[in-house]
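Worksheet: the structure to be examined is printed underneath.
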Amino acid sequence: MADKNVTVITYGTFDLFHPGHVRLLRRARELGTRLVVGCSSDKFNLLKDKKSINSYEQRREILLACRYVDDVFPEDSWEQKREDILRTKADIFVMGDDWTHKFDFLSDIVKVVYLKRTSGISSTDLRNCIYNFSKNIPSDKMENCLNNGSIAI
Numbered sequence: 001m002a003d004k005n006v007t008v009i010t011y012g013t014f015d016l017f018h019p020g021h022v023r024l025l026r027r028a029r030e031l032g033t034r035l036v037v038g039c040s041s042d043k044f045n046l047l048k049d050k051k052s053i054n055s056y057e058q059r060r061e062i063l064l065a066c067r068y069v070d071d072v073f074p075e076d077s078w079e080q081k082r083e084d085i086l087r088t089k090a091d092i093f094v095m096g097d098d099w100t101h102k103f104d105f106l107s108d109i110v111k112v113v114y115l116k117r118t119s120g121i122s123s124t125d126l127r128n129c130i131y132n133f134s135k136n137i138p139s140d141k142m143e144n145c146l147n148n149g150s151i152a153i
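Residue numbers (full-length UniProt numbering): 1 to 153.
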């Protein structure tokens with residue numbers, strides 16, 4: 001059971017929302033009583049040379065629908081984390097273990113925790129799978145998918 005009034009903060013792009021995201025958010029929330037999420041804005045993704053399938057607003061809506069998430073705000077830069085931690089009064093900062101030691105510099109104001117990622121699933125893997133799958137779909141079917149969100153094969 002989490003301590004009383006413990007705020008946890010985490011960050012990510014959360015594109016192509018999948019079970020790995022859900023598991024990370026669940027485990028982050030289990031560390032406290034409130035989970036706030038910094039979701040990479042479209043502008044920030046461009047600066048990182050990262051392309052998202054879903055817009056920031058769509059990803060924000062998906063995150064807010066997740067029962068583990070209490071609030072979502074835009075992540076517009078690498079540098080804003082310290083300010084966000086202070087603004088949200090976060091007690092614990094959580095990231096996946098692929099970021100181990102990258103945010104230790106924040107440990108003077110917050111407890112930094114790196115959680116093990118779910119193996120076998122990632123947004124990058126899903127994106128590559130979709131790309132490879134789409135190469136085998138006739139262009140008229142792909143156009144229908146892009147326009148209507150489904151492929152009738």
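We put the beta carbon where it would ideally sit given N, CA and C, even for glycine.
Residue interval of the beta strand (DSSP E) (run including residue i)
i: threonine 88; result: That residue, threonine 88, is in no beta strand (DSSP E); its alpha helix (DSSP H) goes 81-88.
i: arginine 34; result: 34-40
i: valine 112; result: 111-115
Range of the contiguous alpha helix (DSSP H) that encloses residue i
i: isoleucine 62; result: 56-65
i: valine 22; result: 19-30
With 16 other Cβ atoms within 10 Å as the buried cut-off, status of residue i
i: leucine 25; result: buried
i: serine 52; result: buried
i: histidine 21; result: buried
i: isoleucine 35; result: According to the sequence provided, residue 35 is leucine. The question's isoleucine does not apply to it. With 16 or more Cβ atoms within 10 Å of its Cβ, leucine 35 is classed as buried.
i: phenylalanine 14; result: buried
i: leucine 47; result: exposed
i: lysine 81; result: buried
i: aspartate 91; result: buried
Where residue i falls: helix, strand or coil (DSSP)
i: tyrosine 98; result: Note that residue 98 is aspartate in the sequence shown here, rather than tyrosine. Helix at aspartate 98.
i: valine 72; result: strand
i: isoleucine 130; result: helix
i: leucine 46; result: helix
i: leucine 16; result: coil
i: phenylalanine 105; result: helix
i: lysine 4; result: coil
Straight-line gap, residue i to residue j (C-alpha atoms, nearest Å)
i: lysine 89; j: lysine 4; result: 14 Å
i: leucine 16; j: arginine 87; result: 28 Å
i: valine 112; j: lysine 135; result: 42 Å
i: tyrosine 68; j: aspartate 76; result: 23 Å
i: isoleucine 130; j: tyrosine 114; result: 29 Å
i: lysine 50; j: phenylalanine 93; result: 23 Å
i: aspartate 104; j: glycine 38; result: 18 Å
i: arginine 29; j: glutamate 79; result: 24 Å
i: valine 6; j: isoleucine 85; result: 12 Å
i: alanine 73; j: serine 55; result: Residue identity differs from the one stated: residue 73 is phenylalanine in this sequence, not alanine. If I take the Cα positions, the gap works out to 14 Å.
i: leucine 31; j: proline 138; result: 47 Å
Chain D within 8 Å of residue i, Cβ atoms only
i: arginine 87; result: Within the model displayed, chain D is absent; a lone protein chain is all it includes.
- [ ] Answer yes if the stretch 47-67 comes into contact with the stretch 87-101, meaning at least three C-beta pairs across the two stretches below 8 Å, and no otherwise.
- [x] no
- [ ] Decide if the stretch 32-43 is in contact with the stretch 113-120; the criterion is three or more beta carbon pairs, one per stretch, under 8 Å apart.
- [x] no
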